[in-house]
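Report on the structure given below.
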Amino acid sequence: MTAPLRFPHLDATPGLQYKSERIDAFLAFLQKHEDQLDVICVQECYETLFLSGGYRKRLIEGAKRLGFLHAACPPAIARFPGTLSINSGLVILSRFKIVRWKDLCFGPSVESFNVNRGALHAELENGIHVVTAHVAPDASANGPYSSLTSWPIRFARRSQADELVRFIGRQVPSSSPLILAADLNLNIRFSSFHSQPILSSAARYLLSRLHERCDLVNASLRSEKRAKASAEPVVDHMRPTFGYTGEDGSPAERWITTYGGGMLRSVCDDAILCRGMKPQQVKELCLVIPEGQRPIPEVTHITDHWALTCQLELIVS
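For the sequence shown, full-length UniProt numbering puts the final residue at 317, and the numbers step up evenly by one.
Below is the structure:
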């Protein structure tokens, strides 16, 4: 499972309080689904050099009580070039022992003063490799400033895609089974919740590179054969993983979405890709907080993303 928790650091930031309460709500969600989960990839559980907040510790210790005894977690202090910014916020939680892990901070970008994007790899005792990542979002996430940042952010997104591909190549033997569960900020748009997806140029580039260089196939595809038969990434099966517009029957999410400009929209940003694994079932799970458990009525969801889950079976040759 992959889930971006969206825990920006400062409690004083308008619209983004109650991070501890939302972590507890996420742990309650995990408890509800714990018999279906073995590995959890988390993004945006941030900390900084000067003020940690203890959010990752709260998450990891809570997950241990649910049987996820092992965790890969980069240092709280962000690496260069974002040393004074918030760290990558990446965590991998696992029921299986993690025999080694390695993190990567992407190179300098227009965001480096604010957040340190990157990737995290963990090798499990069963020989399966897991990678999670958080790629920079599209410039439209900057609201009124998007026109000022569009070119440098496009450059950063393509550079980070290439860095991710190289990182996977260095850490994971080409013959090993691999799962990439990440917030790739694919920016695959939907005109409405139930409409067909519109492939973005960023998604086309990143998904193609991951397939060509790492042999990774989107787990949502009905078959690996279908993915290999097409020169263009196949996305018609993908569903929204970011934004709660209310069209799915759940409440519209407005409290956290204000961080990214406040526009309610349906976007597919997250994906689970695999190699040497046979996907059995992929689901997007709504991370709504039950009405009686919300810290205040306005905090309707744990995050503005959906949780993406996939049941995978190891292919034995």
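Just so you know, even glycine gets a beta-carbon here, dropped at the ideal spot from N, CA and C.
query	result
Close-in-space but distant-in-sequence residues of the same chain around ILE315 (CB under 6 Å, 5 per side omitted)	GLY276 and LYS278
Euclidean distance between Cα positions of LEU285 and SER220	14 Å
Simplified DSSP assignment, three categories, for CYS286	coil
Where PHE193 sits in the DSSP three-state scheme	coil
Beta-carbon proximity check, PHE193 vs GLU247, cutoff 8 Å	yes
Three-state secondary structure assigned by DSSP to GLY169	helix
ASP35 in three-state terms, based on DSSP	helix
Where the alpha helix (DSSP H) through GLY62 begins and ends	55-64
TRP255 in three-state terms, based on DSSP	coil
Where SER88 falls, given that 16 or more other Cβ within 10 Å makes a residue buried	buried
HIS305, DSSP secondary structure in three states	strand
N- and C-terminal bounds of the beta strand (DSSP E) containing ARG100	98-105
Backbone secondary structure at ARG158 - three-state DSSP	helix
Whole-angstrom distance between PRO251 and SER175, CA atom to CA atom	44 Å
Inter-residue spacing [alpha-carbon to alpha-carbon] between GLU212 and GLU298	44 Å
CB-CB length for CYS117 against VAL131, believed under 8 Å	Residue identity differs from the one stated: residue 117 is Arg in this sequence, not Cys. With 8 Å as the limit, ARG117 and VAL131 do not qualify as a contact, their Cβ atoms being about 14 Å apart.
ILE86, DSSP secondary structure in three states	strand
Reduced DSSP category for CYS73 - H, G, I as helix; E, B as strand; rest coil	coil
Close beta carbons around HIS70, own chain, < 6 Å, minus the five adjacent residues each side	SER94, LYS97 and ILE98
Nearest-angstrom Cβ-Cβ length linking LEU27 and ALA63, presumed shorter than 8 Å	7 Å
Stretch-stretch touch, CB-based, cutoff 8 Å, three pairs: the segment 180-187 with the segment 23-43	yes
Straight-line Cα distance separating PRO108 from residue 325	The requested residue 325 is not part of the displayed model; the chain covers only 1 to 317.
Nearest-angstrom Cα separation, counted from VAL110 out to PRO20	Per the sequence shown, the amino acid found at residue 20 is Ser instead of Pro. Looking at the two C-alpha atoms, the distance is approximately 29 Å.
Burial state of GLN293 (16 or more Cβ within 10 Å)	exposed
Beta-carbon separation (whole angstroms), THR300 vs SER266, contact threshold 8 Å	THR300 to SER266, Cβ: 16 Å. No contact.
Nearest residue (CA-CA) to PHE106, options LEU5, ALA161 and GLU291	ALA161
Unbroken alpha helix (DSSP H) run spanning ARG213, endpoints	201-214
GLY243, buried or exposed, once every other Cβ within 10 Å from all chains shown has been counted against 16	buried
Alpha-carbon spacing of VAL217 relative to ILE153, whole angstroms	26 Å
Cβ pair TRP306, THR257 closer than 8 Å	no
Buried versus exposed call for GLN196 [16 or more other C-beta atoms within 10 Å across all chains shown]	exposed
Helix, strand or coil at PRO240 [DSSP, three-state]	coil
Own chain, CB closer than 6 Å to ASP215, minus 5 neighbours either side, in chain order	ARG275
Euclidean distance between Cα positions of ARG100 and ARG65	22 Å
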